[in-house]
Amino acid sequence: MALVDIIGEVWSKTKFAATNAIIAATLGLAGCTSLESKLNHIDVLLSRARIEDQAGNEQGRDEIYNQAIRYCLENELYTDAGEIAKNIGREDLANQYFIKALEKLDSRGEFAEAARIAERLGKDKLNQSYFNNIMNYFESKERYRDAGRLALRVGERALAEKYFNKAIEACSQEGSYALAAELALQIEDIPRAIRLYEEGGLYAKAAVLGRDRAKYLEHSLDELSESEKKIMQKEIHNLQEISKLDYNRAVLQFTRSENFEAAAELAWKMQEPERAIEFYERGKLFLKAARMAELEKMHERAKINYQRAIEYLASKGMFNRAARIAEQHSRAIDTAKLFAKAKEFDQASRYARLAGRDDLAREYDLEAFAKYKSLGWWGHAGKVAMRLGREKEARAFMEKQLEEYIDDELHEQAARIAKTLGDNKTYLREMRLAIEELSEKELYLAAGKLADSAGFEDLAKEQYELQIKKYKKNDQFDRAADLAVRLGQKKRAVFFYEQAGMFQEAASLSEEIGDKKSAIKNFERARFPAAVAQIAEQEGQLEKALENYMELEDRQKIAKVGRTLALIAKDEERYDDALKYYLIAAKASDEEIIHEYLSAAECAERANKYSLALKLYDQFDNTYLKVTDPGLVKFKRRARIAVSRLFEQGELEKAVDVAGVISKKYQDAIRKNANAIRQAAMLRR
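To convert, note that position 418 of the sequence shown is 418 in our numbering; the numbers rise steadily by one, no gaps.
What follows is the structure, encoded as structure tokens:
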């Protein structure tokens, strides 16, 4: 077993990342010096990070990723550090590490590898000196394609064209016109690419490229001025003419060499399906011609070509293939005759019966009987004998077949024959042996299904349990869950789905079996706030419900749940919480419910948050007490808050004095504003 596998196995049996790190260190992996060992160590760390991620342990995952990056940096594996940082979304760190990698490679003169890093950095972050060194290296080695590709990737368009042009010239001189054309396409020089394909005799590619380019330009006509349109239309016309010419050249080329399939494929690409069908027919590719005709809704032509395909295959002695096509596209009697020619007499008999030719079917059955008898296929011979009405012979053949199956230890086949013969004792014995055989091969699922079919319930349950254990051992928790569901073990299936990271399935199943707590937990993991909120509200977990409704921005639900939480908090004299929930409810109400602010103000006052209480009282007064003079109401509140503040600060004498003054002023106010007070009191009720 490889060192990495040993670590993986031990790791899977441990719970915490710290323990895992100790195990790795104990095995001596962290101290390995060879590059292969270092890379193995990184792979182990990354695989564990993925496991932590699937388990929903974000902190553990991030710790392992950071550990992997630190390990890379300690061993000057800057490229690997950059890759890890990039994969976890840390582009800033990734670029820093790639720059370090580039610096190291440049100092060593490893410019080919440096080019790969340069491509990732892009023009903005690439040091010009390093870029120049790479380009000089490519030019000295006449690697113009690599130089052009790098220049293109980092946004140096003019430089890319310079090197691609050099590469195109070199390829053309070598006669590599296809490659030269591909390079021209890299810099979007379509006319040149077409010419290069033509020079290489690749007229089919030139035709398709010209046609595609013309279509592309046609789509962009609407964006041009009238004068620009005329120029563009001329270019489109030229491309279309060149494409037609190349198309005809390619067709001539293919037909001369009798490559009708290539001609048909080109015609299809050039959107000439009828001509494509014609080429398939000329090449005796009737089945392809028929299918293309079907695709184009040319049903009569499709029918003709299916018949041609059947006749052509039969003429070549390929009766079996011909019969298979005839099954779908020809008369039953014709299909029967083709199967008979293919010496598949059983099938021939079936189609003869479908055609109403029982006489012919009997002939084919006799042929089949003779064939199976000569081959010693007693079971097949017995079935045909039954059709022929030779019951005694049929039973004798089947008994003979049963003996052979038993001798050859083909228990499942023996059981089927025994069942047909009505030999229940042999059937049950052979089924048990078949199940044992499958179980010994660790094919527990197949063994369970077989046991089910034989009515061995306990044995089936035992085999399914063994299969679940096998799935668990191989970390195939998704399959273990599916099997547990089939067996009705839904609670167990929830656990397996959780282990597989299939939280949505775990949540849905938890909800189905009434485990609301598990449903909420798994819907949260699956990031389904709507489901979490709904179940949490039903279960009375109102804080969790509110949190998820807020994530969904469901204002109506936020207002409703927020108000309920506020009332509960107020009743329990948790005024800070009540204040918070009243404010949440007020802000979420579609039509601002001003009474929420009054309730919030009262809670703020009780929580000794006097400034906020005054602000909320004002918000209520300014909106609600418009029908009367609010002076007295405001005065009363402000006075009460002032006394409360003094009392809280320990200035008791001052608080008493202020209270006395307030009392006198309040009595005066009552006399002066009796009507206003009555109206305010009525409104407050």
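Every residue gets a Cβ at the ideal spot worked out from N, C-alpha and C, and that includes glycine.
With 16 other Cβ atoms within 10 Å as the buried cut-off, status of residue i
i    : result
S510 : buried
K392 : exposed
E592 : Residue placement at E592 is flagged as unreliable, the pLDDT there being 49, under the threshold of 50; a coordinate-derived value is accordingly withheld.
A322 : buried
E505 : buried
A106 : Rather than Ala, the amino acid found at residue 106 in this sequence is Asp. Per the 10 Å Cβ criterion, buried.
D146 : buried
I231 : exposed
H411 : buried
D246 : buried
L632 : Confidence is the limiting factor: at L632 the pLDDT is only 43, short of 50, which leaves the residue's position unreliable and the question unanswerable from this model.
A290 : buried
S453 : exposed
E52  : buried
S315 : exposed
I277 : buried
R671 : At R671 the pLDDT is 45, less than 50, meaning the model places this residue with poor confidence; the figure from the coordinates comes in the next sentence. By the neighbour-count rule (16 or more Cβ atoms within 10 Å), R671 is not buried but exposed.
Q556 : exposed
K517 : exposed
K205 : buried
D80  : buried
I513 : exposed
L360 : buried
N248 : exposed
H41  : buried
Y203 : buried
A158 : exposed
G283 : buried
I134 : buried
K288 : buried
S349 : buried
K441 : exposed
S439 : buried
L459 : buried
N686 : Residue 686 lies beyond the residue range present for the chain, which begins at 1 and ends at 685; the question has no answer from this structure.
N95  : buried
Where the alpha helix (DSSP H) through residue i begins and ends
i    : result
I417 : 411-421
L487 : Premise fails: L487 is in no alpha helix (DSSP H) and is neither H nor E.
R350 : 345-354
I236 : 226-256
I513 : From DSSP, I513 is part of no alpha helix (DSSP H); its letter is neither H nor E.
M502 : Per DSSP, M502 belongs to no alpha helix (DSSP H) and is neither H nor E.
S220 : Premise fails: S220 is in no alpha helix (DSSP H) and is neither H nor E.
I187 : That residue, I187, is in no alpha helix (DSSP H); it is neither H nor E in DSSP.
N136 : 128-140
R574 : Here R574 belongs to no alpha helix (DSSP H), and DSSP marks it neither H nor E.
M270 : Run containing M270: none; DSSP gives neither H nor E here.
V307 : With the sequence shown as reference, residue 307 is identified as Gln, and Val is not the correct amino acid for it. 299-315 is the extent of the alpha helix (DSSP H) around Q307.
I371 : Checking the sequence shown, residue 371 turns out to be Lys, not Ile. Taken as a continuous stretch (DSSP letters only), the alpha helix (DSSP H) holding K371 covers 358-375.
E539 : Careful: E539 lies outside any alpha helix (DSSP H) and carries neither H nor E.
L295 : 286-295
Near the ligand PLP: residue i beta-carbon under 8 Å from a heavy atom
i    : result
G562 : No copy of the ligand PLP occurs in the structure displayed, which carries no ligand at all.
message: Within 8 Å, do at least three Cβ pairs link the segment 364-371 to the segment 340-351?
response: yes
query: Should the segment 211-231 be regarded as contacting the segment 158-178, the criterion being three or more beta carbon pairs within less than 8 Å?
result: no
- prompt: What runs of the alpha helix (DSSP H), each 4 residues or longer, lie entirely inside the segment 51-96?
  reply: 58-74, 78-87
- request: Determine, using beta-carbon pairs with one atom in the segment 269-276 and one in the segment 220-229, whether at least three such pairs fall under 8 Å.
  value: The segment 269-276 is not in contact with the segment 220-229.
- request: Run through the segment 151-182 for me and flag every whole alpha helix (DSSP H) of 4 or more residues, listed as ranges in chain order.
  value: 157-174
- request: Note down, one range per segment and in chain order, each alpha helix (DSSP H) of at least 4 residues found wholly within the segment 418-498.
  value: Within the segment 418-498, the complete alpha helix (DSSP H) runs of at least 4 residues fall at 424-440, 444-454, 457-473, 477-486.
Cβ contact (3+ pairs, closer than 8 Å) linking the segment 421-432 and the segment 397-406: Verdict: yes, contact present.
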